[in-house]
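Protein chains in written order, with the numbering used here: chain A, 624 to 876; chain B, 39 to 376. Glycine included, each C-beta is placed from N, C-alpha and C at the ideal position.
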């Protein structure tokens, strides 16, 4: 086929972008995306923060982290089971692109959703509660790495057999909700017992909260370098596992 | 890559646990051919198509598309094909135009080219005026046309069609059949699975019949029919058939089997002239009035029944058996002699 442009890598990137672009148009406004990606983190935040004697400005990093966490990880589990149900996912498998490019497109859609939605709490914090950005680099790293990692986490869960978002959301929430308790959302990491701090170190959400807090002029228990390193490691692991799981799925088809 | 065949399949096998869905099948499809792939539900048709198009991975064996092995050169092989699956897997939330443009982007077609191709195809399928409408509001036939247009976006060499006319209105069926013929005349190789034996007989250059995961026969429709020359029949219709006509006709000399087909009775025999005479006697003795009487050669349906063993009496047993096994992939329709 002489119609296609030369570079294989360039082609994969263009197709991944085309998939992400289509997903943005098609799935961002789906009720499941809005409920699990936006309403869920905001409701959790309100139920946690209302009535507590802590200034809202100090809680804004938690809202940013929760939004990144829930929004980014919800898109894959909304899109992929829906596409499996109406067999549009087969279109990708029969297209002349790699499975990696397809999953990168899906991951990109989750990343952009998470970043886009998390800008709302940042603006709310700055405009209404006097938050200020102390480190733009840390904020950028926090948003990019967290959104990418959590989106890839969503892709891992979306590889589970199931043809409706609910079938994937249930096990995903089985993991997401407990992570809230060990990640310094309700109890700061500093106040946890030493075993709790060790467990907290293993949660990617801990590092998103810490990095967001650091970016807005707060303290970080583990330090920004550790936060970035752990988030980067999780991103790589989730991407790898996501691709492996989808290949295993294809073998079962 | 130069090769005489559009599709070459060797020892292709797919197992799901202990179940062998496709069992070491071999066949070739010549370039420019319309190749029919027939078989009863659960015979392995869709599993075969899914392996040929790269959706699922074979347990054993190889399949090449225009000389490119689908396992070792999937990108090259997939560039050669367009696919219309058994359900119209269009993006309902997108417009007709956006569905085609997105398909063009999946094939990395340059912008100007994908736009001109989308316009050409939408005009060809009579949907250009409705290109801005979301596909979710389209009829089943229109969605099918969009699905075929999407499969043609990349100007492939082979078009896989899985039950393309199933469940459509007559107008859509005629449009799709006409389009398939025209595309084939332009050199496109067609791999067609269908339950409609008449459609296969009219359209296909060659037909493969698959049953229980194995190829039962491959040949031209006419040669397949000739393998069953012993299966001939006399078809008769009465103005007012007696209540017990079927039982009485079955008892006529030289009639091996009598089957009711709509308002007609079909009497299978190896001696049509003899059965014509005895039928005429039956008409006279019972003071009946004939509407039509014809002698018929074997149909593709007869060949299908002979090779697959699918008969009305076996259908209920098979259905029960399929239910016990938890079903195969190939839907729930069954065309049979009634």
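{"Query": "Inter-residue Cα distance where the pair is residue 128(B) and residue 86(B)", "Result": "22 Å"}
{"Query": "Proximity test, Cβ basis, 8 Å: residue 729(A) and chain B", "Result": "no"}
{"Query": "Cβ shell of residue 672(A) (< 6 Å), same chain only, five flanking positions each side left out", "Result": "682"}
{"Query": "Per-residue contacts from residue 132(B) into chain A (C-beta, under 8 Å)", "Result": "645, 648, 649"}
{"Query": "Chain B contact residues for residue 709(A), given Cβ-Cβ distances below 7 Å", "Result": "127"}
{"Query": "Span separating the alpha-carbon of residue 663(A) from that of residue 693(A)", "Result": "7 Å"}
{"Query": "Unbroken stretches of the alpha helix (DSSP H), 4 residues or longer, contained in the region 133-194 of chain B", "Result": "134-144, 149-162, 178-190"}
{"Query": "Cβ-based burial, residue 143(B) [other Cβ within 10 Å; buried from 16]", "Result": "buried"}
{"Query": "Rounded separation between residue 194(B) and residue 776(A) - CA only", "Result": "36 Å"}
{"Query": "Boundaries of the beta strand (DSSP E) in which residue 120(B) is found, first to last residue", "Result": "119-122"}
{"Query": "Closest by C-alpha distance to residue 123(B), when choosing among 705(A), 703(A), 701(A), 716(A)", "Result": "716(A)"}
{"Query": "Residue 200(B) versus residue 232(B) - alpha carbon distance", "Result": "7 Å"}
{"Query": "Reduced DSSP category for residue 62(B) - H, G, I as helix; E, B as strand; rest coil", "Result": "strand"}
{"Query": "Same chain only: Cβ atoms within 7 Å of residue 870(A), ignoring 5 sequence neighbours per side", "Result": "722"}
{"Query": "Touching by the beta-carbon criterion (3+ pairs, under 8 Å), the region 56-66 of chain B and the region 826-844 of chain A", "Result": "no"}
{"Query": "Three-state class that DSSP yields for residue 757(A) in the structure shown", "Result": "coil"}
{"Query": "Nearest residue (CA-CA) to residue 697(A), options 796(A), 860(A), 758(A), 873(A)", "Result": "796(A)"}
{"Query": "Contacts that residue 107(B) makes with chain A (C-beta to C-beta distance below 9 Å)", "Result": "Residues of chain A passing the Cβ test: none, with the nearest at roughly 14 Å."}
{"Query": "Same chain, Cβ closer than 8 Å to residue 209(B), neighbours up to 5 away in sequence not counted", "Result": "179"}
{"Query": "Residue-level contact to chain B via CB, residue 717(A), 8 Å cutoff", "Result": "yes"}
{"Query": "Straight-line gap, residue 107(B) to residue 876(A) (C-alpha atoms, nearest Å)", "Result": "19 Å"}
{"Query": "Short CB-CB distance (under 8 Å) between residue 638(A) and chain B", "Result": "yes"}
{"Query": "Exposure label - residue 181(B); buried when at least 16 CB within 10 Å", "Result": "buried"}
{"Query": "According to DSSP, residues forming a beta bridge with residue 770(A)", "Result": "Paired residues: none, contrary to the question."}
{"Query": "Rounded separation between residue 54(B) and residue 279(B) - CA only", "Result": "50 Å"}
{"Query": "Residues near residue 326(B) in its chain [Cβ-Cβ closer than 6 Å; skip 5 each side]", "Result": "276"}
{"Query": "Buried/exposed call for residue 236(B), threshold 16 Cβ in 10 Å", "Result": "exposed"}
{"Query": "As assigned by DSSP and simplified to three states, the class of residue 332(B)", "Result": "strand"}
{"Query": "For residue 156(B), the nearest candidate out of 186(B), 191(B), 213(B) (CA to CA)", "Result": "191(B)"}
{"Query": "Alpha-carbon to alpha-carbon, residue 728(A) and residue 708(A)", "Result": "19 Å"}
{"Query": "Inter-stretch contact at 8 Å, needing at least 3 Cβ pairs: the region 770-784 of chain A / the region 725-741 of chain A", "Result": "yes"}
{"Query": "Inter-stretch contact (C-beta, 8 Å, three-pair minimum) for the region 309-317 of chain B and the region 218-228 of chain B", "Result": "no"}
{"Query": "Element boundaries [beta strand (DSSP E), containing residue 797(A)]", "Result": "Per DSSP, residue 797(A) belongs to no beta strand (DSSP E); it is in the alpha helix (DSSP H), 788-804."}
{"Query": "Within chain B, partners of residue 641(A) - CB distance below 8 Å", "Result": "140, 143, 144"}
{"Query": "Beta carbon of residue 274(B) nearer than 8 Å to that of residue 328(B)", "Result": "yes"}
{"Query": "Burial state of residue 863(A) (16 or more Cβ within 10 Å)", "Result": "exposed"}
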